[in-house]
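Asker: To convert, take the position in the sequence shown, counting from 1, and add 3; that gives the UniProt record's numbering.
Where a beta carbon is used, it is the ideal one built from N, C-alpha and C, also for glycine.
None of these values were measured; they are calculated from a predicted model.
Handing you a structure now.
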Amino acid sequence: NPFRQAHFLTSANRLNQLPDDAGAEVAFAGRSNAGKSSALNAICDQHGLARTSKTPGRTQLLNVFPVDDPAHRLIDLPGYGYAKVPEAMRLHWRGVLDTYLRTRASLKGLVLVMDARHPLKEFDCDMLAFGAASGRPCHCLLTKADKLSRSEGIRTLAGVRKALAAEFPLGTAQLFSSLAKTGLDEARAVIAGWLEL
Ligand code: GTP
Ligand code: MG
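Printed below as a string of structure tokens:
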């Protein structure tokens, strides 16, 4: 697992604080509290790498985690859709996120983290549409799958795949659980492929 070598580099509050736009990076996007930071930690097999929290809105910066060398990076993005964030901060983050997604040449793909019990909410679809428009692949982790029965999981995955096939052909999906540690290798394979690890 090459992701075991991942480490924290920096937190960027603005785009010019990010490392040079060279090499390859993969960003973890998703609604607030969906489980992005937990997924990143599970994939890297490192408990406290990205900060996680029961309180939505925990991740407020673009957190940068180089994998083996600085040219291969994972980015933990702030969650979207958290109502209690002050308006000014929400606007700031929306601007940063929009510009990041539009301009970041080294961004090779998006990991879209969704609670398996509530997939494909409005902002998730915005993210998929962005991926489609910019030609970037989007891999959906249907996380917290431990909260679903086996048959519910199978049904949810089939439903999401069907919706993706109809509207977002660059989208793929899998079941995932940071808690139960399921789906890790499948997710690692996708990300490693994008980063050419
Ligand atoms: P923000 O940074 O605030 O946007 O949140 P996030 O998307 O990074 O979520 P985070 O990883 O901090 O997890 C949010 C909550 O969901 C925490 O209480 C986690 O323990 C819980 N959680 C994350 N992944 C799983 C999972 O696979 N199963 C279960 N049952 N809980 C999970
Ligand atoms: Mg987070």
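1. Along the chain, where does the beta strand (DSSP E) containing Glu28 start, and where does it finish?
2. At a cut-off of 7 Å, would you count Val99 as near ligand 1, judging by its Cβ distance to the nearest heavy atom?
3. Using CA coordinates, which residue listed in Ala136, His10, Ala25, Ala161 is at the minimum distance from Phe54?
4. Between the C-alpha atoms of Thr102 and Asn66, what's the straight-line distance to the nearest angstrom?
5. Name the one or two DSSP bridge partners that Thr185 has.
6. Looking only at its chain, what residues have a beta carbon closer than 7 Å to the beta carbon of Ser41, apart from the 5 residues adjacent to it on each side?
7. Cβ atoms of Arg120 and Lys147: under 8 Å apart, would you say?
8. Does the distance from the C-beta atom of Pro14 to that of Tyr85 stay below 8 Å?
Answerer: Per the coordinate set shown:
1. Element bounds for Glu28: 27 to 33.
2. no
3. This sequence places Arg at residue 54; Phe is not what is there. The candidate whose alpha carbon is nearest that of Arg54 is His10.
4. So the alpha carbons of these two residues sit roughly 16 Å apart.
5. Beta-bridge annotation (DSSP): Thr185 is paired with Ser180.
6. Thr55, Ser181
7. yes
8. As written in the sequence, residue 14 is Ser, which differs from the Pro given in the question. No, Cβ-Cβ distance for Ser14 and Tyr85 is not below 8 Å.
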